[in-house]
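Structure first, then comments.
Numbering (the working numbering), first residue to last: 1027 to 1262.
Okay, here's the thing in structure tokens:
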């Protein structure tokens, strides 16, 4: 199957962008809906034709429609739009000129971004990633003092399936989209990855470290499981 991107029409009349790729060693066709780009990703054996891949998509149209319906409402970075920021609905406000982004807390919080109309969306993304990094470092520094060990590095990524990870070298990766979650949820993910600095597994010893860093971690984990999907809508 030759790699290509195409628009696919579903029986309901809905259209979705589909990315078809062949993978060496793949034994069957598989597909998933990318929650961030809101497109279909289809992969399979190299010998599968594009026509066969399209047929596979049409055979599973009901499954695709259900996944699309389950996606959270898009939250594009446009002037006046409302997005989730640190767990609160926050209005995006543009001002002309230059300057650092400003978060104005209160009954109706807003994030003020200095940018031209053409650069506004990109500047919002940059601002959110900067806020996410600042929060992540703050949580990590606090936990390091209690854990007696800090990460080798902290990186923010645009991940599709994992909120965080930790390597055997102590490098921690976090999704920048956690900036949309309540602070306790972001804090829990950092605590989870920091605990991996001592236990690179999910043994009872690992969870004991998580509880030592954040005794009330369970509600945060439950929030991620039930509502974490909405974070993927940021910028979509």
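Just so it is clear, CB atoms sit at the ideal spot from N, CA and C, and this is done for glycine as well.
Going straight from the alpha carbon of residue i to that of residue j, what length do you get?
{"i": "residue 1128", "j": "residue 1084", "result": "47 Å"}
{"i": "residue 1226", "j": "residue 1214", "result": "16 Å"}
{"i": "residue 1120", "j": "residue 1036", "result": "38 Å"}
{"i": "residue 1249", "j": "residue 1072", "result": "40 Å"}
{"i": "residue 1190", "j": "residue 1159", "result": "13 Å"}
{"i": "residue 1259", "j": "residue 1062", "result": "6 Å"}
{"i": "residue 1067", "j": "residue 1217", "result": "32 Å"}
{"i": "residue 1183", "j": "residue 1157", "result": "13 Å"}
{"i": "residue 1079", "j": "residue 1179", "result": "41 Å"}
{"i": "residue 1134", "j": "residue 1118", "result": "11 Å"}
{"i": "residue 1181", "j": "residue 1082", "result": "38 Å"}
{"i": "residue 1204", "j": "residue 1212", "result": "6 Å"}
{"i": "residue 1093", "j": "residue 1252", "result": "16 Å"}
{"i": "residue 1222", "j": "residue 1126", "result": "34 Å"}
May I ask you to report which of helix, strand or coil DSSP gives residue i?
{"i": "residue 1048", "result": "strand"}
{"i": "residue 1220", "result": "helix"}
{"i": "residue 1212", "result": "helix"}
{"i": "residue 1196", "result": "coil"}
{"i": "residue 1168", "result": "helix"}
{"i": "residue 1160", "result": "helix"}
{"i": "residue 1261", "result": "coil"}
{"i": "residue 1038", "result": "coil"}
{"i": "residue 1176", "result": "coil"}
{"i": "residue 1133", "result": "coil"}
Report yes if the CB atom of residue i is closer than 8 Å to the CB atom of residue j, and no otherwise.
{"i": "residue 1166", "j": "residue 1210", "result": "no"}
{"i": "residue 1154", "j": "residue 1239", "result": "no"}
{"i": "residue 1074", "j": "residue 1048", "result": "yes"}
Does the Cβ of residue i lie closer than 7 Å to at least one heavy atom of the ligand ZN?
{"i": "residue 1121", "result": "The ligand content of the structure shown is nil, which means the ligand ZN is not present either."}
Shorter than 8 Å from the beta carbon of residue i to some beta carbon of chain C?
{"i": "residue 1072", "result": "Protein chains in the displayed structure number just one, and chain C is not present."}
Checklist entry - Are at least three pairs of beta-carbons, each pair with one atom in the segment 1101 to 1113 and one in the segment 1138 to 1155, less than 8 Å apart? => result yes
Checklist entry - Is it true that the segment 1037 to 1048 meets the segment 1229 to 1248, where meeting means three or more beta-carbon pairs spaced less than 8 Å apart? => result no
Next on the checklist: Closer than 8 Å is the cut-off here; do at least three beta carbon pairs connect the segment 1053 to 1073 with the segment 1083 to 1099?
Outcome noted: yes
Checklist entry - Could you give the uninterrupted runs of the alpha helix (DSSP H) lying entirely in the segment 1050 to 1113, keeping only those of 4 residues or more? => result 1076 to 1085 and 1087 to 1096
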